[in-house]
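Asks:
There are 2 protein chains.
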Amino acid sequence: MNFPSKLVENAVEAFSRLPGIGKKTALRLVLYLLKQEESVSEEIAEAILKLRKETRYCTNCHNISDSEICNICSSTGRDKGLICVVQDSRDVLAIESTGQFNGVYHVLGGVIAPIEGIGPEELNIESLFKRIEKEKPRELVFALNSTMEADTTAFYISKKLLPSGIKISAIARGIPVGGELEYADELTLSRSISLRTPYNPS
Amino acid sequence: MNFPSKLVENAVEAFSRLPGIGKKTALRLVLYLLKQEESVSEEIAEAILKLRKETRYCTNCHNISDSEICNICSSTGRDKGLICVVQDSRDVLAIESTGQFNGVYHVLGGVIAPIEGIGPEELNIESLFKRIEKEKPRELVFALNSTMEADTTAFYISKKLLPSGIKISAIARGIPVGGELEYADELTLSRSISLRTPYNPS
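Top to bottom, those sequences are chains A and B. Counting along the first sequence from 1, when you hit position 79 you're at 83 in the working numbering, and nothing is skipped either side. Counting along the second sequence from 1, when you hit position 162 you're at 166 in the working numbering, and nothing is skipped either side.
1) So, helix, strand or coil for B/SER162, using DSSP?
2) Helix or strand or just coil, what does DSSP make of A/VAL34?
3) Ends of the alpha helix (DSSP H) at B/GLU42?
4) Looking at the unbroken alpha helix (DSSP H) that takes in B/ASP95, where does it start and where does it end?
5) For A/PRO180 and chain B, any beta-carbon pair shorter than 9 Å?
6) Hey, does B/LEU127 have any beta-carbon neighbour from chain A nearer than 9 Å?
7) In angstroms, rounded to a whole number, what distance separates the CA positions of A/ILE116 and A/ILE25?
8) Below 8 Å on C-beta distance, what does B/ASN14 contact in chain A?
9) Would you report the Cα separation of B/TYR187 and B/LEU193, rounded to the nearest angstrom?
10) Distance cutoff 9 Å, beta carbons only. Does A/ILE122 sit that close to anything in chain B?
11) What did DSSP end up calling B/PHE19 once you bin it into helix, strand or coil?
12) Alpha carbon to alpha carbon, how far is B/LEU199 from A/LEU22?
13) Whose C-beta lies closer than 6 Å to the C-beta of A/PHE7 among residues of the same chain, with five residues either side of it excluded?
14) For chain B, is any of its Cβ atoms less than 9 Å away from the one on A/ASP155?
15) Using DSSP with H/G/I as helix, E/B as strand and the rest coil, what is B/TYR61?
16) Between the alpha carbons of B/VAL37 and A/VAL44, how many angstroms are there, rounded?
17) Taking only beta-carbon atoms, is B/ALA117 less than 9 Å away from chain A?
18) Please classify B/THR2 as buried or exposed, where buried requires at least 16 neighbouring CB atoms within 10 angstroms.
19) Contact between the segment 76–90 of chain B and the segment 138–147 of chain B is defined here as three or more beta-carbon pairs at a separation below 8 Å; is this criterion met?
20) Do the CB positions of B/LEU148 and B/ALA176 come within less than 9 Å of each other?
21) Less than 9 Å separating the beta-carbons of B/VAL108 and B/ALA158?
22) Determine, for B/PRO83, whether the minimum Cβ-Cβ distance to residues of chain A falls below 9 Å.
23) Please list, in chain order, the chain B residues whose beta carbon lies closer than 7 Å to that of A/SER45.
24) Any idea if B/LEU127 is buried or exposed, counting beta-carbon neighbours within 10 angstroms, 16 or more meaning buried?
25) List the residues of chain A that B/ILE73 touches, going by C-beta distances under 8 Å, in chain order.
26) Expressed to the nearest angstrom, what Euclidean distance is found between the alpha-carbon atoms of A/LYS10 and A/LEU53?
27) Would you please verify whether the beta carbon of A/GLN91 is less than 9 Å from any beta carbon of chain B?
28) Hey, would you say B/VAL96 sits closer than 9 Å to B/ILE76, going by beta carbons?
29) For B/GLU58 and B/ASP70, what's the separation of their Cα atoms in angstroms?
30) Is the shortest distance between the beta-carbon of B/THR63 and the beta-carbons of chain A less than 9 Å?
31) Helix or strand or just coil, what does DSSP make of B/ILE175?
32) From what residue to what residue does the alpha helix (DSSP H) around B/GLU143 run?
33) Pick out whichever of A/GLU72, A/ILE161, A/THR151 and A/LYS171 has its Cα sitting closest to the Cα of A/LEU112.
Here it is in structure tokens:
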């Protein structure tokens, strides 16, 4: 496209660096911003700058945080004896939005992927072990994705924790609520049969 | 959603002010930015700020521009005798991307819409008349949308220009290239028949 303005072109380029935003969408956003008050652009730009400059990772659970210890770790209402191990902060947000979990988290920052050169040292695994040693939680829940790498990671961690005697669980796998059996893959369906739960009409 | 960080929440809010971006997409963009180098966020924020602060409108054609006269108006390779009248800068970009138009533009900044309180005074119409008087172009092409308001605007301008004797045309309306007759509305189809063009296989 032949832009009449270098500044418009730069802004379009900038927006289209974001995932899922192509040139056309970027242009739509740019033209929208041009029509709005200057304060709208200023607020968006400021939020982006602050986001990257002022957020950090909680030194305890490695979740995104505004302060040294995140507000989940520092909350007195949370069950510190139950640690949910997740891959990244996105998963914390997903679980938090269910409102069903009252424990604390540990964000690994990824999963073990030897092909990509990611070993246990690159992840927040050592700090998990230290945390378990110090805090002595009752239970660890793996809430990882269903990939080979995630399975490897869970296996690695559980193996290392064997001597500690901590109870280890994983989130339930099965047919999604509202999902149709017909469209479920064989593995999910066969697992959901073998891992069947007591029927509890309520 | 219960955000662990106020800064993340602010950034999500900021992104979701943009058209077509909901909370979920905004969160995806935020998490993407958090994973990137700080320079990425800085560049995006800077482009947004500069976009709104430093762009202005060409004093001649009212298109978005970096300088007082836009690079289309100041180009020596452009046919100044042919002025294309469009509603906004977006339309200039759309026409420019075809590479088929070598004239210059005049951006109205909207169309006459009495219900919304937009009269000819609110638009760049007077400056179009002045420009025609001064530059004496041979032809004016209306490239406006197919709405009642746009038709009114074109009618108003053409009526006022009657004494000047300038040639006035409008972009062709008809069945889109690749469009199917079956799905075309009656008005478009009936117009495309009455405004039929000589058959020219090439």
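Quick reminder that beta carbons are idealized off the backbone N, C-alpha and C, glycines included. The structure displayed is predicted, hence computed values, not measured ones.
Replies: According to the structure shown:
1) DSSP places B/SER162 in helix when its eight states are reduced to three.
2) Helix, per DSSP.
3) 42–58
4) 93–100
5) no
6) No - not a single Cβ of chain A is within 9 Å of the one on B/LEU127.
7) The straight-line gap from Cα to Cα measures roughly 29 Å.
8) Taking a Cβ-Cβ threshold of 8 Å, the residues of chain A close to B/ASN14 are ALA51, LYS54 and LEU55, in chain order.
9) 10 Å
10) By this cut-off, A/ILE122 is not an interface position.
11) B/PHE19 falls in the helix class under three-state DSSP.
12) 45 Å
13) GLU13
14) Not closer than 9 Å to any Cβ of chain B, the Cβ of A/ASP155 fails to qualify, so no.
15) strand
16) According to the sequence displayed, residue 37 of chain B carries Leu and not Val. Answer to the nearest angstrom: the Cα atoms are 19 Å apart.
17) no
18) Because chain B spans 5 through 206 in this model, residue 2 of chain B falls outside it and cannot be assessed.
19) In short, these stretches touch, since the Cβ pair count reaches three.
20) no
21) no
22) Rather than Pro, the amino acid found at residue 83 of chain B in this sequence is Asp. Not one chain A Cβ lies under 9 Å of B/ASP83.
23) ILE52, LEU53, LEU55 and ARG56
24) buried
25) Neighbours of B/ILE73 on chain A: none; closest Cβ ~11 Å, over 8 Å.
26) About 22 Å.
27) no
28) yes
29) 7 Å
30) no
31) coil
32) Not the alpha helix (DSSP H): B/GLU143 falls in the beta strand (DSSP E), residues 143–147.
33) A/ILE161
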